[in-house]
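In the working numbering, the protein residues as written are 174 to 417.
Just below is one structure, and these are the notes that go with it.
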DNA sequence: AATCACTACAACCGCAAGCGA
DNA sequence: ATCGCTTGCGGTTGTAGTGAT
């Protein structure tokens with residue numbers, strides 16, 4: 174039987190208070206990110222270590238960007254999701270100042286719906302004929318250089334999808350990358366014809382992320398870590414154009 | 001003004017990987 | 001090799017805020 178991560182009856186749950194935040198910030202400033210399990214007691218917090226870690230990583234860390242996602246960031250998330258599936262921490266690692274939780278939330282609340290609205294199955298990034306067709310079916314644009322971000326500015330069409338979103342949510346989790354979905358040897362481009370997926374990736378700044386694990390994963394994924402962040406940021410022409 | 005429906009996002013939970021003993 | 005502990009990840013839930021009716 175697994176031991177609970179903390180003594181539940183002695184810990185606070187729910188939203189963090191300003192005082193709790195301050196205690197955590199003060200402690201980590203003084204001692205750094207150490208053993209999360211012992212941190213709460215040492216910092217005088219009635220929280221479990223997991224909760225402290227999450228609060229710090231997702232909310233209190235000083236290098237967090239916060240605020241709206243830029244179009245470049247949206248496009249990058251979509252590309253990376255097509256490539257990596259729901260590996261949010263890896264995706265977030267390519268977005269300086271963004272957390273996996275933030276990226277995941279943004280995907281589920283914005284980007285997923287956006288793709289659905291374009292008639293793209295967000296699980297596999299392929300055109301789904303049972304879904305609403307995209308609104309921009311101008312053949313001249315079908316090699317579209319328009320970014321997905323700019324395509325769906327009009328959110329009114331999303332209403333139907335929104336109500337469907339919750340019902341769909343239990344189907345989300347099998348989102349695999351196209352790499353996994355493809356038959357062995359079949360290039361990603363066979364279903365993402367115009368997706369100029371440069372798989373080269375750079376390391377995020379070591380100050381902001383758990384680098385070592387990312388490095389390991391990148392090795393497993395054969396991702397070249399030596400190239401700059403810029404090389405991953407999609408050109409507008411490289412934006413997902415999934416219609417054939 | 002009250003109620004309902006929906007969104008956005010913070011936070012929690014369970015699981016599995018990683019690591020040292 | 002295995003066991004137990006810690007950490008990190010991804011899925012899910014809870015709820016405050018907002019707009020529609």
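Think of the CB as a built atom: it goes at the ideal place given N, C-alpha and C, for glycine as much as any other residue.
- Comparing C-alpha distances from residue 239 to each of 213, 263 and 273 shows the shortest one belongs to 273.
- Its chain contains 292, 293 and 294 as the residues whose beta carbon lies nearer than 7 Å to that of residue 301, once the 5 sequence neighbours on both sides are disregarded; these appear in chain order.
- Looking at 281, 261 and 197, the one whose alpha-carbon comes closest to that of residue 217 is 197.
- Note on residue 199: under 16 other CB atoms within 10 angstroms of its CB, so exposed under the neighbour-count rule.
- The beta carbon of residue 262 lies closer than 6 Å to those of 273 in the same chain, with the five residues before and after it left out.
- Per DSSP, reduced to three states, the secondary structure at residue 199 is helical.
- Nearest neighbour of residue 250 by Cα position, chosen from 275, 195, 206 and 290, turns out to be 275.
- When DSSP states are grouped into helix, strand and coil, residue 300 belongs to the strand group.
- Residue 212: member of the alpha helix (DSSP H) spanning 212–216, first to last residue.
- Counted as a single uninterrupted DSSP element, the stretch harbouring residue 205 is not any alpha helix (DSSP H), since DSSP gives it neither H nor E.
- Distance from residue 193 to residue 220 at the Cβ level is roughly 7 Å; contact confirmed, criterion being Cβ atoms closer than 8 Å.
- The alpha-carbon of residue 278 is positioned some 12 Å away from that of residue 259.
- The shortest CA-to-CA distance from residue 209 to any of 202, 227, 195 and 203 is the one to 227.
- Residue 294 carries a strand assignment under DSSP once its states are collapsed to helix, strand and coil.
- In the structure shown, residue 243 falls within a coil segment according to DSSP collapsed to helix, strand and coil.
- Annotation: residue 206 to residue 288 spans about 38 Å, alpha carbon to alpha carbon.
- Sequence-distant partners of residue 225 (beyond 5 residues in either direction) whose C-beta falls short of 8 Å from its own C-beta, in its chain, are 197, 209, 212, 213, 216 and 218.
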